[in-house]
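Single-structure report; data block below.
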Amino acid sequence: EADRSAPVKQRHRAKRIFERLRDEHGFAGGYTVVKDHVRIGRARGRETFVPLDATGQPLRNAILWSDERSVAQVRDLERRFGRDDLHRLTGKPPSMTASLSKIQWLIDNEPDSVIKAHKIVDVHAFLVHRLTGAYRTSLACADPMGLIDMANRQWAAALIQDLGLRLEQFAELVEPGAVIGHVTPAAATATGLPAGLPVVAGAGDGQCAGLGANAMREGRAYLNLGTAVVSGVMSQDYPCDRAFRTLIAPVSGGFFAEHVLRGGVFTIGWFVDRFASDLRDTWLSLSPEEMLEAAAAKLPPGALGLMLVPYWNNVMNPYWDPAATGIMIGWTGAHGREHFYRAILEGIAYEQRLVGDAMMEAVGHRFTEYVTMGGGSRSNLWCQIMADVTGVPVLRSTTTEATCLGAGVLAAAAAGWYADARAAADAMTQTAGSYVPCAENQAQYERLFQEIYKPLFPRVQPLVDRLTILTRSDAGE
Numbered sequence: 005e006a007d008r009s010a011p012v013k014q015r016h017r018a019k020r021i022f023e024r025l026r027d028e029h030g031f032a033g034g035y036t037v038v039k040d041h042v043r044i045g046r047a048r049g050r051e052t053f054v055p056l057d058a059t060g061q062p063l064r065n066a067i068l069w070s071d072e073r074s075v076a077q078v079r080d081l082e083r084r085f086g087r088d089d090l091h092r093l094t095g096k097p098p099s100m101t102a103s104l105s106k107i108q109w110l111i112d113n114e115p116d117s118v119i120k121a122h123k124i125v126d127v128h129a130f131l132v133h134r135l136t137g138a139y140r141t142s143l144a145c146a147d148p149m150g151l152i153d154m155a156n157r158q159w160a161a162a163l164i165q166d167l168g169l170r171l172e173q174f175a176e177l178v179e180p181g182a183v184i185g186h187v188t189p190a191a192a193t194a195t196g197l198p199a200g201l202p203v204v205a206g207a208g209d210g211q212c213a214g215l216g217a218n219a220m221r222e223g224r225a226y227l228n229l230g231t232a233v234v235s236g237v238m239s240q241d242y243p244c245d246r247a248f249r250t251l252i253a254p255v256s257g258g259f260f261a262e263h264v265l266r267g268g269v270f271t272i273g274w275f276v277d278r279f280a281s282d283l284r285d286t287w288l289s290l291s292p293e294e295m296l297e298a299a300a301a302k303l304p305p306g307a308l309g310l311m312l313v314p315y316w317n318n319v320m321n322p323y324w325d326p327a328a329t330g331i332m333i334g335w336t337g338a339h340g341r342e343h344f345y346r347a348i349l350e351g352i353a354y355e356q357r358l359v360g361d362a363m364m365e366a367v368g369h370r371f372t373e374y375v376t377m378g379g380g381s382r383s384n385l386w387c388q389i390m391a392d393v394t395g396v397p398v399l400r401s402t403t404t405e406a407t408c409l410g411a412g413v414l415a416a417a418a419a420g421w422y423a424d425a426r427a428a429a430d431a432m433t434q435t436a437g438s439y440v441p442c443a444e445n446q447a448q449y450e451r452l453f454q455e456i457y458k459p460l461f462p463r464v465q466p467l468v469d470r471l472t473i474l475t476r477s478d479a480g481e
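For the sequence shown, counting from 1, position 362 maps to 366 in our numbering; every step adds exactly one.
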């Protein structure tokens with residue numbers, strides 16, 4: 005169990021990543037084999053990286069996207085390089101999510117593990133090397149590391165050198181959807197995959213989810229209600245704004261403007277574990293979430309005056325504040341856990357409204373629909389709340405695993421089944437179920453959003469940040 009007074013460490017044995025591929029042919033992990041004679045596409049967890057020695061063996065455990073040890077490094081990077089300058093260069097302000105701050109943490113605390121590393125690789129590059137013997141990675145997998153010159157679609161060489169690293173320590177970049185190599189005989193023996201099978205450059209899990217939702221359609225945005233809530237919209241031009249981070253889209257030449265709320269379904273799971281675990285022991289065939297949702301659905305919009313700001317894992321866009329924490333206001337003796345549960349759903353929807361409005365303004369066009377996927381998309385109440393709060397109709401993807409579907413779209417296009425990834429997405433993706441904003445609910449949520457939620461965090465942010473500094477050992481002065 006994490007000690008929140010200290011930095012949260014998130015590590016993983018890099019070898020275990022390949023062991024899963026070997027044991028399962030990677031299907032559960034996001035690999036997609038299109039028949040047994042064509043291609044493999046890969047959707048991988050973003051920002052996770054590992055330094056390797058000259059034999060390709062990990063020098064330490066991989067550091068995951070959710071690791072929170074680099075608060076001080078985020079501040080240092082801002083001072084050294086300038087927050088806005090780094091944002092324009094990489095599409096991402098310094099944060100604890102991108103690999104950049106964690107690499108700086110290693111330089112500061114375990115310098116030999118990175119300075120002397122033969123390669124520093126993302127998960128995609130690690131697996132591609134194990135499969136093909138070559139150090140290559142997809143541009144759409146490397147870019148969440150925060151080390152890519154986005155406008156020129158190449159490694160940010162000057163930034164890498166300023167960190168004290170060498171450009172040759174990083175993998176060769178390949179456009180997503182291109183053949184990146186072929187399965188070697190040794191990898192075929194280890195995995196059971198056919199030797200010579202072409203391996204297709206994939207994309208990050210969020211970008212693949214956007215592809216699996218066919219977010220390239222005009223007016224459509226994707227909304228992944230997973231552990232983190234991730235939403236995005238396609239842009240052919242390179243957009244840069246504090247309202248979002250910019251990522252390479254898994255289609256030729258495009259970009260995704262993307263919002264990430266690190267505490268999405270995670271916050272719901274935290275609440276159930278801490279305050280509703282007894283519901284797992286009832287004789288009913290319902291999950292705790294289903295029972296809480298049934299009770300929360302009977303409440304009016306606004307949860308009887310309870311409002312939550314869902315920064316359970318700090319906040320990226322639009323505030324980019326690693327010291328931010330969650331907020332709950334409006335408590336009275338009339339509130340129970342069903343009110344808290346509804347306030348979580350509403351708080352995440354308010355946050356989506358906040359960043360969605362800013363994204364639409366920055367990219368210059370409005371969303372006409374969200375396509376939602378992920379475990380949270382199974383909740384009818386949450387989908388309706390999303391529509392009511394944002395004012396945007398919500399469509400549910402026919403699969404909650406749109407990330408894997410997006411990897412399959414890339415593989416199918418590379419196999420020549422379709423002209424390109426856009427055509428493959430048109431043919432392979434579907435929606436079922438629509439949630440249209442309810443005018444009465446929307447009017448109430450509009451008042452709550454404009455008058456309370458929107459100004460709330462900016463007004464208390466200095467106090468929240470100071471509280472973090474005073475009580476968490478990793479925050480620093």
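By construction, the Cβ of each residue, glycine as well, lies at the ideal position given by its N, Cα and C atoms.
Keep in mind that this is a model prediction, so the values were computed, not measured.
Around the C-beta of R451, fewer than 16 other C-beta atoms lie within 10 Å, and the residue is accordingly described as exposed.
V78: not part of any beta strand (DSSP E); member of the alpha helix (DSSP H) spanning 75-85, first to last residue. Between A205 and A299, the alpha-carbon positions lie close to 45 Å from each other. Following the DSSP letters along the chain, one finds H128 inside the alpha helix (DSSP H) bounded by residues 127-136. Going by beta carbons, G378 and G181 fall outside the 8 Å limit.
Pairing G168 with V396, the inter-Cα distance amounts to about 46 Å. Counting the other Cβ atoms within 10 Å of the Cβ of L310 gives 16 or more, which makes it buried. For L143, the secondary structure class from DSSP, reduced to helix, strand or coil, is helix.
Listed as beta-bridge partners of V183 by DSSP are V204.
Judged by DSSP in its simplified three-state form, W316 adopts strand. For R346, the enclosing alpha helix (DSSP H) covers residues 341-367. Distance from T435 to T402 at the Cβ level is roughly 6 Å; contact confirmed, criterion being Cβ atoms closer than 8 Å.
Counting C-beta pairs with one atom in each stretch, the stretch 249-268 and the stretch 421-428 have three or more that are closer than 8 Å, which means they touch. For G380, the secondary structure class from DSSP, reduced to helix, strand or coil, is helix. Taking the Cβ atoms as the reference, M432 lies roughly 16 Å from L399, outside the contact range of under 8 Å. Burial state of N318 is buried, judged by a 10 Å Cβ sphere holding 16 or more other Cβ atoms. Beta-bridge partners of V234 (DSSP): N228, V264. In the same chain as C442, and ignoring 5 residues on each side of it, the C-beta atoms closer than 7 Å to its own belong to D392, in chain order. Shown here, W386 sits in a helix according to DSSP, grouped into three states. The stretch 414-447 is shown to contain whole beta strand (DSSP E) runs of 3 or more residues at 435-439, in chain order. With a threshold of 16 other beta carbon atoms within 10 Å, P459 falls short and is exposed. DSSP places Y242 outside both helix and strand once states are collapsed to three, so it counts as coil. If you draw a 10 Å sphere on the C-beta of G150, you find 16 or more other C-beta atoms in it, and that means buried. Put simply, of A418, M390, V264 the residue whose alpha carbon is nearest the alpha carbon of F453 is M390.
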